[in-house]
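What follows is one structure encoded as structure tokens, with my remarks underneath.
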Amino acid sequence: MAAPKLTAVLGPTNTGKTHLAVTRMCGHASGMMGFPLRLLAREVYDRVVAIKGRAQVALVTGEEKIVPDGARYWLCTAEAMPTDIHPEFIAIDEVQLAADPERGHVFTDRLLHRRGTAETMLLGASTMIPMVRRLLPDAFIESRPRFSQITHAGPKKLSRLPRRAALIAFSVEEVYALAEMLRRQKGGAAVVMGALSPRTRNAQVDLYQSGEVDYLVATDAIGMGLNMDIDHIAFAALSKFDGQRNRRLSPAEMAQIAGRAGRYQTDGTFGTLVYGDAGGPELQEPEVEAIESHDFTPVKRLTWRNARLDWRSLPSLIQSLEQRPERDDLARTNRATDEAVLKLLAEDPVIAGRAGSPERLRILWSVCNLPDYRKSGAKEHARLAARIFLNLTEGDGHIPTDWIAAEVARLDDRQGGIDALSHRISAARTWTYISHREAWLANPRLWADRTRALEEKLSDALHERLRQRFVDRRTSVLMRDLAGGADMLPLEIDGDGTVAIGGEEIGTLTGFRFTAETAAKAGEKKRLIAAAERRLSGELAKRGAELIAAPDHEFELALTGKLPPRILWRGARVARIHGGPTALRPRIRLARAIGALDAGLTVRMAEKLSSWLSARIEHHLAPLALLAKTADSQNASPAARGLAVQMIEALGVLEKRPLAPLLASMTGEDRALLSKAGVTIGITHLFVSGLLRPAPTRWRLALWAIASGLEKMPQPPAPGIVSFAADPAAPDAFYPVAGFTVIGGRAIRLDMIERLSRALHTQRKGMKPFMPDENWVPTLGLDAADFGKVMRALGYRRTEIDGRRAFLWRGLDRPVRDRRGERAPSPHSPFAALKALKV
Numbered sequence: 002m003a004a005p006k007l008t009a010v011l012g013p014t015n016t017g018k019t020h021l022a023v024t025r026m027c028g029h030a031s032g033m034m035g036f037p038l039r040l041l042a043r044e045v046y047d048r049v050v051a052i053k054g055r056a057q058v059a060l061v062t063g064e065e066k067i068v069p070d071g072a073r074y075w076l077c078t079a080e081a082m083p084t085d086i087h088p089e090f091i092a093i094d095e096v097q098l099a100a101d102p103e104r105g106h107v108f109t110d111r112l113l114h115r116r117g118t119a120e121t122m123l124l125g126a127s128t129m130i131p132m133v134r135r136l137l138p139d140a141f142i143e144s145r146p147r148f149s150q151i152t153h154a155g156p157k158k159l160s161r162l163p164r165r166a167a168l169i170a171f172s173v174e175e176v177y178a179l180a181e182m183l184r185r186q187k188g189g190a191a192v193v194m195g196a197l198s199p200r201t202r203n204a205q206v207d208l209y210q211s212g213e214v215d216y217l218v219a220t221d222a223i224g225m226g227l228n229m230d231i232d233h234i235a236f237a238a239l240s241k242f243d244g245q246r247n248r249r250l251s252p253a254e255m256a257q258i259a260g261r262a263g264r265y266q267t268d269g270t271f272g273t274l275v276y277g278d279a280g281g282p283e284l285q286e287p288e289v290e291a292i293e294s295h296d297f298t299p300v301k302r303l304t305w306r307n308a309r310l311d312w313r314s315l316p317s318l319i320q321s322l323e324q325r326p327e328r329d330d331l332a333r334t335n336r337a338t339d340e341a342v343l344k345l346l347a348e349d350p351v352i353a354g355r356a357g358s359p360e361r362l363r364i365l366w367s368v369c370n371l372p373d374y375r376k377s378g379a380k381e382h383a384r385l386a387a388r389i390f391l392n393l394t395e396g397d398g399h400i401p402t403d404w405i406a407a408e409v410a411r412l413d414d415r416q417g418g419i420d421a422l423s424h425r426i427s428a429a430r431t432w433t434y435i436s437h438r439e440a441w442l443a444n445p446r447l448w449a450d451r452t453r454a455l456e457e458k459l460s461d462a463l464h465e466r467l468r469q470r471f472v473d474r475r476t477s478v479l480m481r482d483l484a485g486g487a488d489m490l491p492l493e494i495d496g497d498g499t500v501a502i503g504g505e506e507i508g509t510l511t512g513f514r515f516t517a518e519t520a521a522k523a524g525e526k527k528r529l530i531a532a533a534e535r536r537l538s539g540e541l542a543k544r545g546a547e548l549i550a551a552p553d554h555e556f557e558l559a560l561t562g563k564l565p566p567r568i569l570w571r572g573a574r575v576a577r578i579h580g581g582p583t584a585l586r587p588r589i590r591l592a593r594a595i596g597a598l599d600a601g602l603t604v605r606m607a608e609k610l611s612s613w614l615s616a617r618i619e620h621h622l623a624p625l626a627l628l629a630k631t632a633d634s635q636n637a638s639p640a641a642r643g644l645a646v647q648m649i650e651a652l653g654v655l656e657k658r659p660l661a662p663l664l665a666s667m668t669g670e671d672r673a674l675l676s677k678a679g680v681t682i683g684i685t686h687l688f689v690s691g692l693l694r695p696a697p698t699r700w701r702l703a704l705w706a707i708a709s710g711l712e713k714m715p716q717p718p719a720p721g722i723v724s725f726a727a728d729p730a731a732p733d734a735f736y737p738v739a740g741f742t743v744i745g746g747r748a749i750r751l752d753m754i755e756r757l758s759r760a761l762h763t764q765r766k767g768m769k770p771f772m773p774d775e776n777w778v779p780t781l782g783l784d785a786a787d788f789g790k791v792m793r794a795l796g797y798r799r800t801e802i803d804g805r806r807a808f809l810w811r812g813l814d815r816p817v818r819d820r821r822g823e824r825a826p827s828p829h830s831p832f833a834a835l836k837a838l839k840v
């Protein structure tokens with residue numbers, strides 16, 4: 002019978018070693034593979050399940066056990082490989098870990114002693130070739146070249162870091178600090194550390210692989226078989242604390258990490274990270290050459306521990322563990338946590354007393370093998386191990402249900418930050434491991450399900466916290482957009498104008514004006530605006546075409562105190578109105594945002610808005626067209642024609658007093674022509690009553706403000722209002738144009754003053770005192786005092802009839818009061834000239 006085939010497939014990363022082993026295993030009737038990480042075991046488990054079906058494949062790790070009846074293919078962590086199963090094929094992955102000071106003895110044992118009945122395959126780095134030749138002279142060594150090349154790209158600043166890059170650091174604090182920097186500058190990063198639970202780590206890897214973030218921050222845990230689409234590796238540090246001292250990575254360790262760049266036939270690059278003026282780590286020329294050529298110092302010694310343990314007594318067990326190897330190329334491990342815990346427990350007389358039989362010693366040793374997921378240190382971990390051992394060696398020989406139930410309930414809390422959740426997950430992993438020791442619990446399956454569910458629940462919460470803290474998805478989307486990688490991301494514009502790219506809100510589009518998200522910082526707003534300019538051009542062009550074809554009712558004049566007046570389309574500003582040759586012929590200026598559109602389109606939009614503006618002026622100020630006919634009429638006297646011209650220039654309202662000489666020279670026919678044109682010659686003003694309605698008034702105020710060159714105008718009077726307190730700072734012409742006159746500090750509508758004047762004229766009889774209808778006070782919105790001021794302005798003097806307030810006619814020659822209630826001098830008085838003088 003032929004001897005089992007032993008092959009060592011050794012070479013750099015990305016040579017297809019694991020794929021080869023999976024293919025070889027599936028070609029046998031049974032097989033088993035040992036991996037350095039639970040994550041890798043699970044990944045290959047899923048691949049083999051897809052090939053062989055779930056019923057034939059088992060997964061065994063310290064924290065997970067899926068073993069269907071009749072399983073033929075076993076995927077395990079190296080420590081958890083069953084010793085009572087002898088499949089046809091066995092493979093050990095990453096055998097160079099046999100040199101690791103902590104876990105190396107496990108890989109050395111598997112390398113030396115685990116064999117498939119038909120074929121055994123050892124997978125690892127080429128640095129193991131000399132050791133394999135010495136320890137396993139019958140092994141066939143197969144060297145495989147890397148599918149792609151990795152080249153040195155030199156140091157790079159964070160701002161210059163290419164997309165699809167991974168930053169490498171060696172402490173939690175450094176990883177978090179780099180992730181925060183990437184969040185601010187690049188939109189975020191995924192985080193991969195050995196301290197994360199496999200589920201959290203997988204979720205973070207998916208976050209990166211999906212393209213939601215383009216950057217990854219990781220420890221050297223990334224070097225063990227994580228296959229991701231990484232183009233560049235940037236070392237933020239080249240030294241790490243290995244448990245005893247802070248040391249520089251070896252070139253082989255650097256290469257194991259740098260080899261994650263470039264997958265299959267895609268080349269990759271590596272380099273270091275520069276921290277601004279502070280510089281950064283520097284790769285030495287020999288290190289660069291070694292990494293690029295995959296030429297490293299061979300492994301000269303493997304870590305070893307005696308696997309043939311002596312179970313006669315506790316001292317003999319410890320002595321057997323301390324046994325030294327007979328070969329110089331094997332070095333006994335002195336940093337194993339399980340051995341340190343055993344020696345601490347051996348000092349406890351109670352525990353030493355209970356470990357008096359081989360059976361009890363085996364229980365004690367299995368308890369010491371409990372991994373220290375909490376990283377609490379040997380002494381603290383020994384306390385937990387001691388309690389478990391005491392429980393297992395008394396009563397029914399099981400861990401009390403109340404204890405595990407209380408611990409699981411205490412950990413079942415999704416609240417808290419990253420550190421709190423990480424601590425709970427570590428504790429949960431401890432209980433998950435315990436639940437898979439079937440002899441330790443009365444109902445191991447129940448607790449295996451509960452602890453696994455707890456770990457998954459906490460892991461999902463931790464992933465979400467990491468995502469919230471280190472991923473600004475909007476910035477990430479923007480950076481990809483600006484880099485040209487987000488063309489396929491959907492652009493969405495909601496009915497309220499909210500703009501989103503790839504589901505992330507970036508601002509609001511109102512008409513043609515984009516406003517960045519108000520909560521964004523200054524630097525981010527620039528990116529938001531750049532993204533909008535890049536992605537909204539098509540939408541803006543579409544809206545431009547819609548504006549040109551829009552019906553008139555979609556446009557409106559916006560007139561507030563803010564000048565110049567604006568034209569709104571569908572509620573959004575599209576243009577401003579500016580002064581033109583005359584008040585009735587203004588010009589428009591398109592909104593700045595429209596200026597970025599195609600020149601031909603903007604010209605047609607300007608023509609559309611100009612046409613609408615002219616039509617609205619003609620519609621609302623139609624009475625001025627009748628005045629223009631009067632001004633051109635041959636039947637009107639020069640005085641009537643001149644007055645018509647002045648009325649047009651004043652937009653339909655003129656104060657009467659300065660026009661007294663001109664009015665005195667007009668004939669009855671002239672007055673009839675003006676009346677036919679809609680002009681009312683009132684007691685204080687001449688006005689066109691049809692222009693005092695709200696809509697024409699708004700347009701007249703807008704045109705007057707533009708023609709006057711005002712920068713600010715008082716708020717136009719509300720439609721329907723009769724009187725209100727006048728603003729002393731308002732320009733003198735504002736209230737007449739608005740259709741009001743100011744008497745005693747109150748602005749009163751001109752047509753109401755005229756109605757009051759006509760009513761008083763009808764009621765009074767010559768110069769006799771009379772009492773006006775008292776309903777006029779509330780009708781005008783005045784109080785008694787203000788009404789008295791109006792009466793004086795209209796030529797009436799207060800008197801009394803039987804002790805009640807009355808008025809008598811005195812004529813309009815008496816001085817009237819100005820808007821502040823002060824006596825206003827006659828414009829023909831010499832005091833009027835004195836008032837105009839300034840010292």
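Taking the numbering used here, the leading residue of the sequence shown gets 2, the next gets one more, and so forth.
Glycine included, C-beta positions come from ideal geometry on N, C-alpha and C.
Notebook entry, point to check: Helix, strand or coil: how does DSSP classify Phe148 here?
Noted result: In this structure, Phe148 counts as coil in the three-state DSSP scheme.
DSSP beta-bridge partners of Asn392: Beta-bridge pairing links Asn392 to no other residue.
| field | N-terminal and C-terminal residue of the beta strand (DSSP E) that Asn247 is part of | value | Where Asn247 is concerned, the enclosing beta strand (DSSP E) stretches over 247 to 249.
Can you tell me where the beta strand (DSSP E) holding Lys241 begins and where it ends? For Lys241, the enclosing beta strand (DSSP E) starts and ends at 240 to 242.
Margin query: For Leu124 and Asp94, which I take to be in contact (beta-carbon distance under 8 Å), what is that distance rounded to the nearest angstrom?
Written below: With a contact defined as Cβ atoms closer than 8 Å, Leu124 and Asp94 qualify at about 5 Å.
Q) Going by DSSP, what residues sit across from Cys77 in a beta bridge? A) Its beta-bridge partners are Gly35, Val61.
Inset, instruction - Please name the residue in Leu136, Gln416, Val778 whose C-alpha comes closest to that of Leu7. - result: Cα-wise, what sits closest to Leu7 is Leu136.
(request) Name the two residues that bound the continuous beta strand (DSSP E) containing Trp700. (result) Trp700 -> not in any beta strand (DSSP E); alpha helix (DSSP H) instead, spanning 695 to 709.
What separation, rounded to the nearest whole angstrom, lies between the Cα atoms of Ala356 and Val23?
-> Ala356 and Val23 have their alpha carbons spaced roughly 42 Å apart.
What residue from Leu371, Gly378, Leu455, Asp450 has the CA that sits closest to Arg411's CA? When only C-alpha atoms are compared, the closest one is Leu455.
Residues of its chain near Ile258, where Cβ-Cβ distance is below 7 Å and the 5 sequence neighbours each way are ignored:
Only Ile169, Asp221, Ile223, Gly224, Ile234 meet the Cβ criterion.
Rounding to the nearest angstrom, what Cα-Cα distance links Thr19 and Glu439 in this structure?
If you draw a straight line from the Cα of Thr19 to the Cα of Glu439, it comes to about 31 Å.
Next item on the list: Work out the CA separation of Ala726 and Gly496 for me, nearest whole Å.
Entry: Roughly 41 Å between the two C-alpha positions.
Inset, instruction - Pull up the distance between the alpha-carbon of Leu318 and that of Trp312, whole angstroms please. - result: Distance between the alpha carbons of Leu318 and Trp312 is about 6 Å.
(request) Could you spell out where the beta strand (DSSP E) holding Phe808 opens and where it closes? (result) In the DSSP assignment, Phe808 falls within the unbroken beta strand (DSSP E) covering 805 to 810.
Original post:
Can the beta-carbon of Leu548 be found closer than 8 Å to that of Trp570?
Top reply: For Leu548 and Trp570, yes; Cβs fall inside 8 Å.
Q | Nearest-angstrom Cβ-Cβ length linking Phe297 and Ala253, presumed shorter than 8 Å | A | Contact between Phe297 and Ala253 holds: their C-beta atoms lie close to 4 Å from each other, under 8 Å.
For the 8 Å Cβ check, are there 3 or more pairs between the region 141 to 150 and the region 185 to 199?
At 8 Å Cβ cutoff, the stretches do not touch.
6 Å Cβ shell around Gly683 - same chain, five flanking residues per side excluded:
Only Glu755 meet the Cβ criterion.
Bridge-paired residues (DSSP) for Met122: Among the bridge pairs identified by DSSP, Met122 is matched with Thr8, Ala92.
Exercise. In whole angstroms, what separates the C-alpha of Glu505 from that of Ser423?
Worked result: Roughly 29 Å between the two C-alpha positions.
Three-state class that DSSP yields for Leu537 in the structure shown: Coil.
_Limits of the unbroken alpha helix (DSSP H) element including Thr338_ = Counting along the chain, Thr338 sits inside the alpha helix (DSSP H) bounded by residues 338 to 347.
Local Cβ density within 10 Å of Ala56, reported as buried at 16 or more and exposed below that = Ala56 should be labelled exposed.
| Is it true that the region 620 to 627 meets the region 533 to 543, where meeting means three or more beta-carbon pairs spaced less than 8 Å apart? | No, because fewer than three Cβ pairs between the region 620 to 627 and the region 533 to 543 fall closer than 8 Å, the two stretches do not touch.
* Excluding sequence positions up to five away, which residues of its chain have a Cβ less than 6 Å from the Cβ of Ala645? -> Cβ within range, chain order: Leu628, Thr631, Ala632.
- Query: Can you check whether the CB of Ala72 is closer than 8 Å to the CB of Val842?
  - Reply: No answer is possible for residue 842: the residues shown for the chain start at 2 and end at 840.
Examine the Cβ distances between the region 504 to 518 and the region 578 to 594 and report whether three or more of them are shorter than 8 Å.
-> Taking a cut-off of 8 Å for Cβ pairs, the region 504 to 518 and the region 578 to 594 touch, as three or more such pairs fall below it.
- Task: Return the chain-ordered list of same chain residues with a C-beta closer than 7 Å to the C-beta of Arg333, the five sequence neighbours on each side being excluded.
- Result: In its chain, beyond the 5 residues on either side, Trp305, Arg306, Arg325, Pro326 have a beta carbon closer than 7 Å to the beta carbon of Arg333.
Point to revise | Whole-angstrom distance between Met792 and Asn776, CA atom to CA atom | key: Taking the straight line joining both Cα atoms gives about 14 Å.
Given Pro718 as reference, the closest of Ala641, Leu560, Phe788 once Cα atoms are compared = The closest CA to that of Pro718, considering only Ala641, Leu560, Phe788, is found on Leu560.
Would you mind working out which of Asp397, Asp339, Lys376, Phe808 sits nearest Ala387, comparing C-alpha positions?
-> If we check each option's Cα against that of Ala387, Asp339 comes out closest.
Would you list the one or two residues that DSSP bridges to His918?
-> Nothing can be reported for residue 918: it is not among the residues displayed for the chain, which extend from 2 to 840.
Residue span of the alpha helix (DSSP H) that contains Val68, given as start and end: Boundaries cannot be given for Val68, as no alpha helix (DSSP H) includes it and DSSP labels it neither H nor E.
What are the partner residues of Leu655, as DSSP defines its beta bridges? Answer by DSSP bridge pairing, in chain order: Leu687.
Quick check on the burial criterion: 16 or more other C-beta atoms within 10 angstroms. Buried or exposed for Thr273? By the neighbour-count criterion, in which 16 or more other beta carbons inside 10 Å mark a residue as buried, Thr273 falls on the buried side.
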